[in-house]
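K.L.:
Structure in structure tokens, see below.
Structure (structure tokens):
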């Protein structure tokens, strides 16, 4: 039996709320006896639907016999809440409604507003409830007003009507274009350039129909792939002769590949203004985007001059024919070009709507001109046109023109280089992406369709003109064939004309010689001239609009600081008026220079460089395999995009090798500049994604490689707390881990879990940013724990990744151990024991002033706040005095001044003085200097290494690494080891031999033979006084009292313990004497850390050892490795 088929099972008696899912319980008729008695029915399941309108509900169907459980659910579960349009019980349909999904809960349903960026032009960004708000217990005193929960759940700061009204106000007057007017028209006008009318016939004559189509195909393929990757590019080229069709197809291939790549990139998220720059920068990052964006905007600006000069040259030719020259040819071009660019600027500044209307008019003229050509090919030719080589469609002419016939100095690639610049208009639609209604839909659709239409037109014109016109013609109607005359077998000879003399003398007509072939063939010649005007002016207008739009987007991102002036927009459409005038000045300059033949190849290469990067962006994003790469336009392939990028680079050298070199040099220079400046942007580029993939792959690959002693490097956990609070500890660790090992700054938050986690999460990004800002190559990690030792234990076990796990713990010396609570002491010594248990080396660093400067930072922050408040107050008073110029107001301020209201500066100053004088010992210059002592370059001096115990070599490796650093390179290593008095020279030679095998340079070796003698009485007395407050003195008490004291104060030092380790205590005191004697003037002392055996040495006695060992010395590193080799002399 199927699911219930009653007509009212899924009956929607009222319209549903389209903004939420609805959960309904649908009750069937109670008299469906057959249904109840049928025991063979399959079980009924929830039927869900997440469609729109009436389908936007989660429906639960149940059998009539099971209605009681649902009634109980309604009574015992959550109270059923309904919209105002629903009733809890509908007597007509017997339909029960559960509460509407998304009502009366702070948890939000999915909405697009949550995913917008701040300042999005498409609508306001709304913040969803945080996980903390949903997860934590709701405050009892919070009451939810009817309907307010719904608004909170859906992130509504205002009602839908209010949002709609505001949106209408914001978008009123803004001009947005669809895919036809915004992309298709612009791309077609830019692809159909002057080449179509005055060069295509020559290309077909040189390359032939076959190669001509291939050239166009190649150009279009590259741009189409870029278009599919970037979603707004389509361009085409022109062809010559028999190979002409091949050339057309080659150009088509270039543009098509580029178009495909463009489409893929443009459909992978919301596209804003900036065209090629926006697409490349958001995909490959600001380095590539900034470098290509600048030269792309400049190329468009110069292209305005190129197109305007092309228009002016045509006008001047007409003036020359009518003998109406104004000055001379060069100056006439300058005059006409200047007037034209001023008119085009006026159209652009008038607004995008006027510019779009002008483009449509120009397109209509262009289409009429093209249609005029095709009509002319079927109009019977007269004798004059025949003498110029036009014979209408002839199979013999088609066959003769199919193959190439290159003249001297021409070849396939030279012809392709001439044709391909016609393909540089495929980004015309993408360049105004900010003015499109839906760029993600408009760019792929308009670009690819424009590529297709223009390619068909180019190929059609190439084939038609090559099938109608011979390559060479004399133009003389007397060159007809008469009876008895020998024919050279050419197509013209078979049609009654003898053009054989063109083989040994130049002719003026035919495909190879006459650039006005299309005017001759067309039905009405002046329309072709109008088409030339339309093609040049439309391309110039599009470039005049594109350059400022791209440049404005570049300036808004503030990648080049000095260009911020041009980021400002005006009007509802945010028009870049400043950019328009800059483009105008550049165009005017090049029009007046009138030397465009030199710069034209560079401009073409600038465009090709953009196409190459668009294709590479598509490949790179696909190769990075980022989950964020989800283009809606799926007709692309990463390897095809890579092929398109390579093809674009190859075409750059084919067109002009020196222009290609110049382009690469300029782009590389800009790339290096942007990389050096490191703009503060994060666009989630594929470069970041690939960096992650590479890091992940390398980390995984590293796990397959066994550790080797030659590759050992210190990988440190540094217990700095907040990294800014103990900078000296971080600096010394960073000195021997920078560029060689892992460094993790760790902080343990102890206290109530809720507060600790909140504080920890809020400071993570800030503290990591501090490390980056201070150029410290380290990570920040934090944990929340019940006690400090548990937190450190967690860090020791869980930090790192794969082989990149910490092997060394670095901590600061606990300077205040004699005043610290017992739990702190136990935790401090306990983490040393834990590190050894986990086979992790330990480094304890001691400096005379201590590491913690948190109080200094606190005072500095307070002073900064007070200063900001004072400046803000003074500014407010000044503004008020300027705004309220009346005497009454001044009098009021004077009264307020007497009451210390308006100018409480003395109070502030007194508070500052009180803070400064509050604790001079903590806030003083010595502490600040001590915290920065390892940032400074260490002068000539020594690092004294007291390698007393062999720990695997870590005690020796760390100082060696330090001497490789720029700050420590002037310090020499002095090695101190213990030995026998009667074998000092032998042991010195043995140690020198060992160090030489380790290839560690040293300045001197000292063998200390008197380590084990007793210290002098004064030193020993200092040690005894140090431990006196912590001794139990059980030997002076009776047995019962002693046992009781042991139970009550187990942490105290017993006489038995002190007697057992008396020799070790002597050694620590004696070592301090030797250190004072030999290393008092050292820049740094690296000393073997004594190990306290668990259960044998009390915590306080161990800290007393460390205290007496490092007392009154320069900075000391107490080092103990994990007793595994970190040095080797084997290759």
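Numbering (this note's numbering), first residue to last: 5 to 1135.
Glycine is no exception: its CB is placed at the ideal position from the N, C-alpha and C atoms.
1. Put residue 711 into one of helix, strand or coil per three-state DSSP.
2. Assuming residue 950 is part of the beta strand (DSSP E), what are its boundary residues?
3. By the three-class DSSP mapping on this structure, what secondary structure does residue 979 have?
4. In terms of residues, what are the limits of the alpha helix (DSSP H) holding residue 678?
5. Mapping DSSP to helix, strand and coil, what is residue 187?
6. Would you mind stating whether residue 783 and residue 748 have Cβ atoms separated by less than 7 Å?
7. Have a look at the DSSP bridge pairing and note the partners of residue 1026.
8. Using alpha carbons as the reference points, say which of 735, 882, 424, 185 lies closest to residue 362.
9. Enumerated in chain order, which unbroken segments of the alpha helix (DSSP H) with a length of 4 residues or greater are wholly contained in the region 1022 to 1075?
10. Excluding the 5 residues preceding and the 5 following residue 1088 in the sequence, name in chain order all residues of the same chain whose CB lies nearer than 6 Å to its CB.
11. Kindly indicate the opening and closing residues of the alpha helix (DSSP H) around residue 526.
12. Quick check: the Cα distance between residue 112 and residue 827, rounded to an integer number of angstroms?
13. Please report how far the alpha carbon of residue 745 lies from the alpha carbon of residue 1131, in whole angstroms.
14. Out of 404, 659, 625, point me to the one whose CA is closest to residue 422's CA.
15. Please name the residue in 1007, 935, 678 whose C-alpha comes closest to that of residue 563.
16. For the region 326 to 338 against the region 704 to 723, are there 3 or more C-beta pairs whose distance is under 8 Å?
17. Using only the alpha-carbon positions, how far apart do residue 1008 and residue 813 sit?
18. In terms of DSSP beta bridges, what is residue 720 paired with?
19. Rounding to the nearest angstrom, what Cα-Cα distance links residue 398 and residue 471 in this structure?
20. So who's on the other strand from residue 382, going by DSSP bridges?
21. Alpha carbons only, please: which of 1072, 1080, 639, 1116 is nearest the one belonging to residue 1092?
22. Who are the Cβ neighbours of residue 393 in its own chain at under 6 Å, not counting the five residues just before and after it?
23. Might you give, ordered along the chain, the residues of its own chain that have their beta carbon closer than 6 Å to the beta carbon of residue 352, omitting 5 neighbours on each side?
24. Expressed to the nearest angstrom, what Euclidean distance is found between the alpha-carbon atoms of residue 436 and residue 714?
25. Tell me whether the beta-carbon of residue 523 lies closer than 7 Å to the beta-carbon of residue 369.
26. Which of helix, strand or coil does DSSP assign to residue 60?
27. Going by other Cβ atoms of all chains shown within 10 Å of its Cβ, with 16 needed for buried, is residue 924 buried or exposed?
28. Report the three-state DSSP secondary structure of residue 843 (helix, strand or coil).
29. Just to confirm, is the Cβ distance from residue 999 to residue 740 under 7 Å?
30. When we look at the beta-carbon of residue 838 and count the other beta-carbons within 10 Å, is it buried (16 or more) or exposed?
31. Buried or exposed, going by whether 16 or more other CB atoms sit within 10 Å of the CB of residue 569?
32. Can you tell me whether residue 460 is buried or exposed, with buried defined as 16 or more other CB within 10 angstroms of its CB?
33. On a CA-only basis, which of 1066, 1019, 1083 is nearest residue 979? Give me that one, please.
34. With H, G and I counted as helix, E and B as strand and the rest as coil, what does DSSP make of residue 536?
35. Is the CB-CB distance between residue 287 and residue 391 below 7 Å?
36. Which residues in the same chain have their Cβ closer than 6 Å to the Cβ of residue 991, if we skip the five residues on either side of it in sequence?
P.N.:
By the coordinates alone:
1. Here residue 711 refers to the residue found at position 707 of the chain shown. If DSSP states are grouped into helix, strand and coil, residue 711 belongs with coil.
2. By one-based count along the chain shown, residue 950 stands at place 946. It spans 945 to 950 - the beta strand (DSSP E) in which residue 950 sits, taken as one unbroken run.
3. If you number the chain shown from 1, residue 979 lands on position 975. Residue 979: strand per DSSP, three-state reduction.
4. Against the chain shown, residue 678 aligns to sequence position 674. Run containing residue 678: 661 to 681, per the alpha helix (DSSP H) assignment.
5. Residue numbering aside, residue 187 sits at position 183 when the chain shown is read from its first letter. Correct three-state label for residue 187: helix.
6. Looking up residue 783 in the chain shown gives position 779. Looking up residue 748 in the chain shown gives position 744. With contacts defined by Cβ atoms closer than 7 Å, residue 783 and residue 748 form a contacting pair.
7. In the chain shown, counting from the first residue as 1, residue 1026 sits at position 1022. Note: residue 1026 sits in no beta bridge, so no partner.
8. Residue mapping note: residue 362 aligns to position 358 of the chain shown, counting from 1. Taking only the C-alpha atoms, the option nearest residue 362 is 185.
9. Scanning the region 1022 to 1075 for uninterrupted alpha helix (DSSP H) segments of 4 residues or longer gives 1043 to 1052, 1059 to 1064, listed from N- to C-terminal end.
10. In the chain shown, residue 1088 corresponds to position 1084, counting from 1. Within the same chain, Cβ atoms closer than 6 Å to the Cβ of residue 1088 are found at 947, 1119, the five residues on either side in sequence being excluded.
11. Counting from 1 along the chain shown, the entry for residue 526 is found at position 522. Per DSSP, residue 526 belongs to no alpha helix (DSSP H) and is neither H nor E.
12. Sequence index remark: in the chain shown, residue 112 carries index 108 (1-based). Sequence index remark: in the chain shown, residue 827 carries index 823 (1-based). Straight across, the Cα-Cα distance linking residue 112 with residue 827 is about 45 Å.
13. Locating residue 745 in the chain shown gives position 741, counting from the first residue. Locating residue 1131 in the chain shown gives position 1127, counting from the first residue. Inter-residue distance for residue 745 and residue 1131 is about 15 Å (C-alpha atoms, whole angstroms).
14. Here residue 422 corresponds to residue number 418 of the chain shown, with the count starting at 1. Closest option to residue 422, Cα to Cα, is 659.
15. Walking along the chain shown from the start, residue 563 turns up at place 559. Looking at 1007, 935, 678, the one whose alpha-carbon comes closest to that of residue 563 is 678.
16. Segments in contact, no.
17. Here residue 1008 refers to the residue found at position 1004 of the chain shown. Here residue 813 refers to the residue found at position 809 of the chain shown. Straight-line Cα distance between these residues: approximately 29 Å.
18. Position 716 of the chain shown, counted from the first residue, corresponds to residue 720. 747, 812.
19. As a first step, residue 398 must be located in the chain shown, where it is residue number 394. As a first step, residue 471 must be located in the chain shown, where it is residue number 467. Taking the straight line joining both Cα atoms gives about 6 Å.
20. One-based indexing of the chain shown puts residue 382 at position 378. Paired residue(s): none; residue 382 is not in a bridge.
21. If you number the chain shown from 1, residue 1092 lands on position 1088. Out of 1072, 1080, 639, 1116, 1072 has the C-alpha closest to the C-alpha of residue 1092.
22. Numbered from 1 along the chain shown, position 389 holds the residue referred to as residue 393. For residue 393, where only same-chain residues beyond five positions count, the Cβ hits under 6 Å are 473, 474, 477, 513, 514.
23. For this step, residue 352 is matched to residue 348 along the chain shown. Same-chain partners within the cutoff: 359, 548, 549, 584.
24. Taking the chain shown and counting its residues from 1, the one referred to as residue 436 is at position 432. Taking the chain shown and counting its residues from 1, the one referred to as residue 714 is at position 710. Each residue's Cα considered, the two are about 57 Å apart.
25. Position 519 of the chain shown holds residue 523. Position 365 of the chain shown holds residue 369. Taking 7 Å as the Cβ cut-off, residue 523 and residue 369 do not qualify as a contacting pair.
26. In the chain shown, the residue the question calls residue 60 occupies position 56. Bear in mind that the predicted position of residue 60 carries a pLDDT of just 38, short of 50, making it too unreliable to give a figure here.
27. Within the chain shown, the letter at position 920 stands for residue 924. Interpretation of residue 924 is limited by its pLDDT of 45, a score under 50 that renders its predicted location unreliable; the figure taken from the coordinates is listed afterwards. Within a 10 Å sphere around the beta-carbon of residue 924 sit fewer than 16 other beta-carbons, which makes this residue exposed.
28. Taking the chain shown and counting its residues from 1, one reaches residue 843 at position 839. In the three-state scheme derived from DSSP, where H, G and I count as helix and E and B as strand, residue 843 is classed as coil.
29. Residue 999 sits at position 995 when you count from the first residue of the chain shown. Residue 740 sits at position 736 when you count from the first residue of the chain shown. Contact: no.
30. Locating residue 838 in the chain shown gives position 834, counting from the first residue. Residue 838 is buried by the Cβ-count criterion.
31. Position 565 of the chain shown, counted from the start, is the residue given in the question as residue 569. Looking at its Cβ environment, which holds fewer than 16 other Cβ atoms inside 10 Å, residue 569 is exposed.
32. By 1-based counting over the chain shown, the position of residue 460 is 456. So residue 460 counts as exposed.
33. Taking the first residue of the chain shown as 1, we reach residue 979 at position 975. When only C-alpha atoms are compared, the closest one is 1083.
34. Residue numbering aside, residue 536 sits at position 532 when the chain shown is read from its first letter. The three-state secondary structure of residue 536, taken from DSSP, is helix.
35. As a first step, residue 287 is located in the chain shown; it is residue number 283 there, counting from the start. As a first step, residue 391 is located in the chain shown; it is residue number 387 there, counting from the start. Contact flag unset, no.
36. Sequence index remark: in the chain shown, residue 991 carries index 987 (1-based). Taken in chain order, the residues that qualify are 983, 1011.
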